[in-house]
Each structure stands twice: as C-alpha cells, then as structure tokens.
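*Asks:*
Numbering (the UniProt record's numbering), first residue to last: 1 to 372.
So this is what it looks like as structure tokens:
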C-alpha cells in the first residue's frame, strides 16, 4: 500500500533518526555543550562523514535538523527520500494499514460510513487488548483496563490508494530499557490480530472454522470478529489489511508469517459465523441477582397460557453487565412485579445461557426478592 503523499518527515522523531544512524554504522560522539550530538560514519577509502542532531526532541529546530540529516542520508545511500522515510517509519513502530476497495473515482466517503470504519478499527484494537489481559471467547463490554491500552496507538493521516487508514504503535522508545523476555503489550495486541488473520486465511482455505473458534485464547474473540466484519460495513465493502512490523523488535514466529490479506465475501462470512459461535454460552446452573428493567405480558398474566417475560440487569462476575431474559409462571411473575415496584433486586436460579447477543435463564428452579 502507498503510505505516502509526499514525505514531510513530520512523523519521524529524534529517536527514530538516532536509531537509524546507529544501526547503519554511525557512531555517536560525546557532545561538548549537551545541546548537540555528533554522529560519525568512518569509511576506509573515503573521508569520514559527520552529521549533527539536537540532543533533545523539544528544541524548536529539531524537525528541521532531522529533515537535513534525512536528505544527507538519501544522497549518501543514493535512495529516494520516500524510501528512507518509510524505513524510518518502520524502525520502531508497528503499523496496521487498511485500504478500502472503493471505486477509484471516489473522492469522498459518507460521514456515517467513515465513522463506522474508524470505530471498528478502534474496537479491533480494544478487544484484542481485552484478550491480552484476560482471554475469553466473548466480551459483553470491554474490560476497564483495556481502555488505557489504546493510548499506545495513534491514527495517522489517511493515505492514497482508494481510502486508506494507518494506525501506528511505537514498540521501542527513547530512554526505555527493552524487556528481552516479553514484548510490550501493544506489540502483543498486533501479534494477536496477525495470528488470528493467519488462522482466518487457513479456515477460509480449508472451509473449516474449527481452529479459529478453538483458538480464542491466542487469536480472535467474538468482538474482534465483529470489528473486522464492521470495517467492511458487514460485507458491503471489500478491503485489504497489512501489518508492517517494527524492525527494532522481532515479532513472534507465528505472527510474523502474516503481512497482508484481502477481505471479501468468503472472509466476511467466516468471521460472522465464528463470532456467532464464540458468543454461545452453554447452559450452566447459576444464581443471579439484578434489577428488573422490563416486564412484558401481552395478555392477562394470570391466564395459564400467557407468555410472561422479565428482563433483569445483572453484574456478572465473569461476563460483566448483562441483561438476562426470563420466562416466568404466574406466581414468579407477580414477584417480579413486586420487586420492580419496590426497587428491589430479583434473585433467580436456573440455567444461564447465551445465544448471539441474547442472554436467558432457563429451567427456573427458584425466584425470590432480595431483602437487602
């Protein structure tokens, strides 16, 4: 994908250019006044070269000096500014690149569609972060701690080539001691996405979703499948997704195999099916308590064949805040009415299960109004 519309060097920071020089044979010399750093490239048959960089990112002319050094590198290496710029961008940060397959003549996107694309990309990262904190097949709501993980990701300017979105995440930073035993969590989030995409390709090729469904602990949860589905607006738009790995931190082996893939009808259908399966919770006996938020009976609730249903909001230890629907007999339904009118919680015991996004309690064993 074309990530550039004329390199402006604005995204290259001081640490990026310092890293590039050191990785390519330049030596950092001591600075006399603490304001400048001199880098020297020793050459056997030609005179040594030196470039000067500010010692701090916060100096007013830092970006001007970075641009000057980049132009010196392009002359020395006989490469275009765009090529050097891309190398610098890929040095310390991972990038997710998404290009929508829209008609080439299209110059705009409907604002409602654009917001859905961006929200879906955010949810992909958010729920990948949830699974890094606590692997589950499905999350009713994102884990509170996962919101903080989004701070490590940034949207860049959209790039040309139909409509493109780029999200970057720095995996190596200045004055940060690398952990040689564990990658930063933002890198693990991208690895999880890439690993899931490798499995998705395999599932589509074999027409077998089993591996992807069973691998939620290391790959996709249901919400990640939903997010990828929504990036393409539920199959209305095909798109390409690529990962550019930061050169400075090697990705894990199973994720490094992924570089890019196309999302069309086959991929979208597989994601939809896998998400539905991951959202299923098999019946299990549980005792739940919550506030009654809905009572429904189309006829006289005292009639024997009347369908009486209630919905209660439950703060579940494992699944978070969920709304559970319960079908009740006449006596239990009256107890639900009483609990609702008095603002008390209703406690019920039965088989808790979920299909899709709907929770229900079946085979009711007991109902009581919580006294406190």
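Glycine included, every Cβ here is placed at the ideal spot set by N, Cα and C.
(1) Tell me which residues share the same chain as residue 10 and place their Cβ nearer than 6 Å to its Cβ, disregarding the 5 neighbours each side in the sequence.
(2) Note down the Cα distance separating residue 288 from residue 347, rounded to an integer number of angstroms.
(3) Is DSSP giving residue 195 helix, strand or coil here?
(4) Count the other C-beta atoms from every protein chain shown that fall within 10 angstroms of the C-beta of residue 69, then say buried if there are 16 or more, exposed otherwise.
(5) Starting from residue 96 and walking both ways along the beta strand (DSSP E), at which residues does that stretch end?
(6) Which of the three DSSP states is assigned to residue 366 in this structure?
(7) Can you give the Cα-Cα distance for residue 228 and residue 55, rounded to whole angstroms?
(8) Have a look at 208, 216 and 243 and flag the residue whose alpha-carbon is nearest the alpha-carbon of residue 257.
(9) In angstroms with no decimal places, state the Cα-to-Cα distance between residue 370 and residue 343.
(10) Relative to the C-alpha of residue 377, which residue among 96, 31 and 307 is closest?
(11) For residue 303 and residue 356, I'd like the C-alpha separation in whole angstroms.
(12) For residue 312, count neighbouring Cβ atoms within 10 angstroms of its own Cβ and tell me buried if that reaches 16, exposed if not.
(13) Counting C-beta neighbours from all protein chains within 10 Å, is the total for residue 16 16 or more, i.e. buried, or is it exposed?
(14) Flag this pair as yes or no: are the beta carbons of residue 138 and residue 278 separated by less than 8 Å?
(15) Which runs of the alpha helix (DSSP H), 4 residues or longer, sit entirely within the stretch 186–252?
(16) Let's test the definition: count the other Cβ atoms within 10 Å of the Cβ of residue 58 and tell me whether it reaches 16, buried, or not, exposed.
(17) First and last residue of the alpha helix (DSSP H) that includes residue 67?
(18) In the DSSP assignment, the beta strand (DSSP E) including residue 316 goes from what residue to what residue?
(19) Which term fits residue 60, buried or exposed, when burial requires 16 or more other beta carbons within 10 angstroms of its beta carbon?
(20) Locate the beta strand (DSSP E) running through residue 351, then write down its first and last residues.
(21) Nearest-angstrom Cα distance between residue 38 and residue 28?
(22) Put residue 360 into one of helix, strand or coil per three-state DSSP.
(23) Alpha carbons only, please: which of 66, 295, 321 and 116 is nearest the one belonging to residue 332?
(24) Cβ atoms of residue 271 and residue 113: under 8 Å apart, would you say?
(25) Could you tell me which of 84, 292 and 74 sits nearest to residue 327, measuring between CA atoms?
(26) Of the residues 350, 117 and 132, which one's Cα is nearest the Cα of residue 221?
(27) Check each candidate in 87, 368 and 187 and name the one with the smallest Cα separation from residue 378.
(28) From what residue to what residue does the beta strand (DSSP E) around residue 141 run?
(29) According to DSSP, is residue 41 helix, strand or coil?
(30) Closer than 7 Å by C-beta to residue 199: which residues in its own chain qualify, once you throw out the five before and the five after it? Chain order, please.
(31) So is residue 226 buried or exposed if we call it buried at 16+ other beta carbons inside 10 Å?
*Replies:* Checking against the coordinates, here is how it stands:
(1) none
(2) 6 Å
(3) helix
(4) buried
(5) 93–100
(6) strand
(7) 42 Å
(8) 243
(9) 10 Å
(10) The structure shown does not extend to residue 377, since the chain is modelled only from 1 to 372, so the question has no answer here.
(11) 31 Å
(12) buried
(13) buried
(14) yes
(15) 210–214 and 222–231
(16) An exposed status is given to residue 58, since fewer than 16 other beta-carbon atoms sit within 10 Å of its beta-carbon.
(17) 62–77
(18) Residue 316 -> beta strand (DSSP E) spans 308–316.
(19) So residue 60 ends up on the exposed side.
(20) Element bounds for residue 351: 345–355.
(21) 6 Å
(22) strand
(23) 295
(24) no
(25) 292
(26) 132
(27) The question about residue 378 has no answer, for the chain in this structure spans 1 to 372.
(28) Residue 141: not part of any beta strand (DSSP E); DSSP gives it neither H nor E.
(29) strand
(30) Correct list, in chain order: 211, 212, 215 and 219.
(31) buried
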